[in-house]
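Asker:
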Amino acid sequence: MVYEINEQKKIGLGLIGFGIFFTFLGVILFFDRGLLALGNIFALTGVAILLGWHSTWNLFTNRANYKVSQRVLRRTILF
590 MVYEINEQKK IGLGLIGFGI FFTFLGVILF FDRGLLALGN IFALTGVAIL LGWHSTWNLF
650 TNRANYKVSQ RVLRRTILF
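Each residue of the sequence shown is one higher than the last, beginning at 590 in the numbering used here.
1) Please state the DSSP three-state secondary structure of residue 655.
2) Would you kindly report the start and end of the unbroken alpha helix (DSSP H) that includes residue 595?
3) For residue 627, does the three-state DSSP call read helix, strand or coil?
4) With a threshold of 8 Å, are at least 3 pairs of Cβ atoms found where one atom belongs to the stretch 638 to 648 and the other to the stretch 610 to 627?
5) Tell me the rounded alpha-carbon separation between residue 661 and residue 595.
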């Protein structure tokens with residue numbers, strides 16, 4: 590199968606990569622709150638752009654994913 594990667598998906602993947610990088614850097618530097626917060630924001634924005642806003646909203650508001658969504662959003666707000 591051939592997957593088509595358009596510019597929007599490239600941006601989403603890049604933001605997810607930045608999110609992983611900043612989260613890793615925040616853990617290496619003894620849980621620096623600023624870097625962890627940037628990592629969370631980049632990762633969530635990258636997922637939203639990669640999947641699309643409607644699919645991301647459905648992912649976070651689905652009853653089956655409620656506990657995980659709550660943890661992710663709480664972690665983003667705390668850091």
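We put the beta carbon where it would ideally sit given N, CA and C, even for glycine.
Note that the coordinates shown come from a computational prediction; the quantities given were computed from them, not determined experimentally.
Answerer: Per the coordinate set shown:
1) helix
2) Note, residue 595: premise wrong, no alpha helix (DSSP H); not H, not E.
3) helix
4) no
5) 27 Å
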